[in-house]
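To start, the structure under review is shown below, and the notes come after it.
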Ligand SMILES: [Zn+2]
Ligand SMILES: [Zn+2]
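Numbering (full-length UniProt numbering), first residue to last: 1 to 304.
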């Protein structure tokens, strides 16, 4: 009985392996993949995808992506990050007739599992209107300079600027945090910084300063976007065994691989659960590291 279950697991593994071997370039070969971005995110993304998908990578910067929401707060984002990215893709498809579109959205705030630590979550969404599928990838990084403060002195300004890696990373000045009437964006040199700060200080005795999170003004964010592109590429190469479309991703892992000596479950990974982003097919893949038992080194009984 056990051996039949194991055989089934191996067969599933084999199917999975063969699916991963399949290169999805049939979907992308000789097509135009259009990236909708106004803030130079393609500089981070194209080198990752280049030579991999065998398609022509094209920049589309004619769509005003700020209409869907801006970090500096002039336009509130009405939808969540995923819906906003999809909206950007749909706009490019409707306005220009592109049939393979990539868009991205970034979010900043407390880390989802480590409160009070600022984090950057990036999302990339690829929509294929020809073969009718969507693949997305998200990546969360603690590496961000995301910060804001009300300051009232030159010393305060200098301390903030240093903390957030100015001038390699640009800044935004507002007369105040909420209901601001004045906003200066993309400040990336000391002269300009002081020129804007001084009159604000005279007029309001303080000013609100924040990091400019637009990708073209924030090399740290560009790095996170590149890491997200790596993840997207992995998803694009992972083909669902049921619908044969890309986007078959690991959504959870289960620990409990048995120890090779005492046979008690260990913290090593026993199986991974894959879910297809397109048809929702779920598959549990056992022994992802191709080992049926764990080294006793990772066993709480044999190696407490
Ligand atoms: Zn599927
Ligand atoms: Zn053990």
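Backbone N, C-alpha and C fix where the C-beta goes; we use that ideal spot for every residue, glycine too.
{"Item": "Close Cβ partners of residue 188 (< 6 Å) along its chain, the five nearest in sequence each way excluded", "Value": "167 and 170"}
{"Item": "Closer than 7 Å: residue 245 CB and nearest ligand 1 heavy atom", "Value": "yes"}
{"Item": "Extent of the continuous beta strand (DSSP E) run through residue 137", "Value": "133-141"}
{"Item": "Unbroken stretches of the beta strand (DSSP E), 3 residues or longer, contained in the region 135-188", "Value": "148-151, 171-174 and 183-187"}
{"Item": "Inter-residue spacing [alpha-carbon to alpha-carbon] between residue 107 and residue 120", "Value": "6 Å"}
{"Item": "Residue 201 versus residue 176: straight-line alpha-carbon distance, rounded", "Value": "11 Å"}
{"Item": "Span separating the alpha-carbon of residue 220 from that of residue 93", "Value": "30 Å"}
{"Item": "Those residues which DSSP pairs with residue 57 across a bridge", "Value": "33"}
{"Item": "CB contact flag (residue 39, residue 216, <8 Å)", "Value": "yes"}
{"Item": "Completely contained alpha helix (DSSP H) runs for the region 195-271, where each covers 4 or more residues", "Value": "219-237"}
{"Item": "Cβ separation of residue 123 and residue 82, assumed to be a contact under 8 Å, to the nearest whole Å", "Value": "6 Å"}
{"Item": "Classification of residue 247 by the beta-carbon crowding that lies within 10 angstroms, buried from 16 upward", "Value": "buried"}
{"Item": "Alpha carbon of residue 305 to alpha carbon of residue 118, nearest angstrom", "Value": "Only positions 1 to 304 of the chain appear in this structure, which leaves residue 305 out of reach."}
{"Item": "Best match in 74, 143 and 109 for proximity to residue 334 [C-alpha to C-alpha]", "Value": "With the chain represented from 1 up to 304, any question about residue 334 goes unanswered, as that position is not in the structure."}
{"Item": "Simplified DSSP assignment, three categories, for residue 121", "Value": "strand"}
{"Item": "Alpha helix (DSSP H) segment containing residue 82, residue limits", "Value": "81-96"}
{"Item": "Buried versus exposed call for residue 110 [16 or more other C-beta atoms within 10 Å across all chains shown]", "Value": "exposed"}
{"Item": "Residue 264: CB within 7 Å of a non-hydrogen atom of ligand 2", "Value": "yes"}
{"Item": "Buried versus exposed call for residue 79 [16 or more other C-beta atoms within 10 Å across all chains shown]", "Value": "exposed"}
{"Item": "Residue 259: CB within 7 Å of a non-hydrogen atom of ligand 2", "Value": "yes"}
{"Item": "Contact under 8 Å by Cβ, residue 294 with residue 252", "Value": "no"}
{"Item": "Given residue 241 as reference, the closest of 232, 260 and 275 once Cα atoms are compared", "Value": "275"}
{"Item": "Option nearest residue 102 by Cα separation, candidates 34, 64 and 256", "Value": "34"}
{"Item": "N- and C-terminal bounds of the alpha helix (DSSP H) containing residue 75", "Value": "Careful: residue 75 lies outside any alpha helix (DSSP H) and carries neither H nor E."}
{"Item": "Three-state secondary structure (DSSP) of residue 129", "Value": "coil"}
{"Item": "Burial state of residue 190, where buried means 16 or more other Cβ atoms lie within 10 Å", "Value": "exposed"}
{"Item": "Backbone CA spacing between residue 152 and residue 228 [nearest angstrom]", "Value": "37 Å"}
{"Item": "Among 52, 32 and 44, nearest to residue 235 - alpha-carbon criterion", "Value": "52"}
{"Item": "Residue 45 versus 291, 264, 261 and 225, residue with shortest Cα-Cα distance", "Value": "225"}
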